[in-house]
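Step one of this worksheet: look at the structure below.
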Amino acid sequence: MNRNVILTCAVTGAGDTTAKSQHVPITPKQIADDCIAAAKAGASIAHIHVRDPETGGISHSLDHFREVMERVREADMDIVMNITAGGGGDWIPDANDPTRGGPGTDIQTPAQRHEPVGELLPELCTLDCGSLNFGDMVYVNPADWLREHARLVQAAGVKAELECFDLGHVWFARQLQKEGLIEGDP
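Using the working numbering, the first residue of the sequence shown is number 404, and each one after it goes up by one.
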């Protein structure tokens, strides 16, 4: 039986991955080099997160995304670029006051999350379809934020990769489609 397979390589992974392995790329050049290596190994899609080159920590830097995209495009690789637009949704309750965000909380507006996508126009970008618990944090994606982000993605002409982590997210993805915020089949 023949099956079409799409291999996606997320060369850095999401979250704090650099502390878990010395092989996780940190600089934009390292990330781009790993995307190129993934393409040569047969990956169809490179899912891009960027890191702070000084600390290895999570970054939302447009300049870092730009450098990765430019390096991969200059290499003329046959790989679809997928920029994450999911950063900036981490909420960690404060130990002394759980009604407030504590250390590590990283919340951005939909427009801030979308900035690298709108500027760099990759073929794909992530569009989360709901909130979820992830380790000790809550990954925050209120429905009105997701609708706003879907509008921004649609206006940019970028195809959304719908990130669904439970059945409620699948339902919401279908709802976005019914509302005309996702074109075609998700």
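Cβ coordinates follow ideal geometry from the N, Cα and C atoms, glycine included. Given the structure is predicted, the values throughout are model-derived calculations rather than measurements.
Can you tell me which of the three DSSP states residue i falls into?
i, result
"methionine 537", "Before going on, a small fix: residue 537 reads as phenylalanine here, not methionine. Strand."
"histidine 426", "coil"
"cysteine 438", "helix"
"valine 573", "helix"
"leucine 527", "strand"
"glycine 521", "helix"
"arginine 454", "strand"
Below 6 angstroms, is the gap between the Cβ of residue i and the nearest heavy atom of the ligand HEM?
i, result
"alanine 576", "Judged by which ligands are present, the structure shown has none, so any question about the ligand HEM falls away."
Contact defined as beta carbons within less than 8 angstroms: I believe residue i pairs with residue j. What is the distance between those atoms, to the nearest angstrom?
i, j, result
"histidine 517", "leucine 555", "4 angstroms"
"threonine 508", "histidine 452", "No, threonine 508 and histidine 452 are not in contact; Cβ-Cβ is about 18 angstroms, not under 8 angstroms."
"proline 525", "isoleucine 486", "5 angstroms"
"glutamate 566", "threonine 529", "5 angstroms"
"valine 483", "isoleucine 448", "5 angstroms"
"leucine 535", "phenylalanine 568", "5 angstroms"
Hey, could you find the ends of the beta strand (DSSP E) residue i is sitting in?
i, result
"aspartate 419", "Note, aspartate 419: premise wrong, no beta strand (DSSP E); not H, not E."
"glutamate 566", "562-566"
"alanine 449", "448-451"
"glutamate 471", "Before going on, a small fix: residue 471 reads as valine here, not glutamate. Taken as a continuous stretch (DSSP letters only), valine 471 belongs to no beta strand (DSSP E), being part of the alpha helix (DSSP H) at 465-477."
"valine 556", "Unbroken run through valine 556 is the alpha helix (DSSP H), 546-559; no beta strand (DSSP E)."
"glycine 587", "Counting along the chain, glycine 587 falls outside any beta strand (DSSP E), and DSSP gives it neither H nor E."
"isoleucine 486", "483-486"
"glycine 505", "That residue, glycine 505, is in no beta strand (DSSP E); it is neither H nor E in DSSP."
"aspartate 493", "492-494"
Pair every Cβ in the stretch 495-506 with every Cβ in the stretch 451-470, then say whether three or more of these pairs are closer than 8 angstroms. no
Contact between the stretch 406-423 and the stretch 432-442: three or more CB pairs below 8 angstroms? yes
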